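Before any comments, here is the structure.
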Amino acid sequence: MPSSTLTVLYPALKGEGDKFDLEYYLGTHMEIARKAWLGLGLINYQVINFTSDAAGAESAFSLATVLTFDSADGAKSIGTAAETKAVLDDVPNFTNVQPSLLFGDVREQWSKQ
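Structure below.
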């Protein structure tokens, strides 16, 4: 069964009062998410901090987190899982912007590691 991903895309902070505490996100929030979703099939995640788009201009997004699950069922189950409450309850501690959430199935991957 192919692995599946949940990509969480946070928009660039452009509005007055928009906030995103990257230190808190990395140091606290992602640990909450890891603990909550490990039992749902989470196998790894990456947090990507965007610096620019391909042309060197300001990116429309500030950050993406790509969470990989061992199955599509596991990835999609987080929406109804009781474990997700702790993850969602923590969001106001680091941001007030609304991310885009994208589910996908891994079709191919390569890693030098």
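Take any residue in the sequence shown, count from 1 to its spot, add 31: that is its number in my numbering. Glycine included, every Cβ here is placed at the ideal spot set by N, Cα and C. Being a predicted model, the structure only gives us computed values, none of them experimental.
query                                                                                                                                                                         : result
Please report the straight-line C-alpha distance between Gly135 and Phe100, rounded to a whole angstrom.                                                                      : 10 Å
Compare the Cα-Cα distances from Gln77 to each of Ala43, Thr38, Lys45 and Thr115 and report the closest residue.                                                              : Thr38
Helix, strand or coil for Asp52 per DSSP?                                                                                                                                     : coil
To the nearest angstrom, how far is the alpha carbon of Phe81 from that of Thr111?                                                                                            : 30 Å
Can you check whether the CB of Ser102 is closer than 8 Å to the CB of Gly72?                                                                                                 : yes
Are the beta-carbon atoms belonging to Pro42 and Ala91 less than 8 Å from one another?                                                                                        : yes
Give me, in chain order, the residues of the same chain whose beta-carbon lies closer than 6 Å to that of Ile74; leave out the 5 immediate sequence neighbours on both sides. : Thr99 and Asp101
For Gly135, write down the residues that DSSP places opposite it in a beta bridge.                                                                                            : Thr36
Closer than 8 Å by C-beta to Lys107: which residues in its own chain qualify, once you throw out the five before and the five after it? Chain order, please.                  : Ser35 and Phe134
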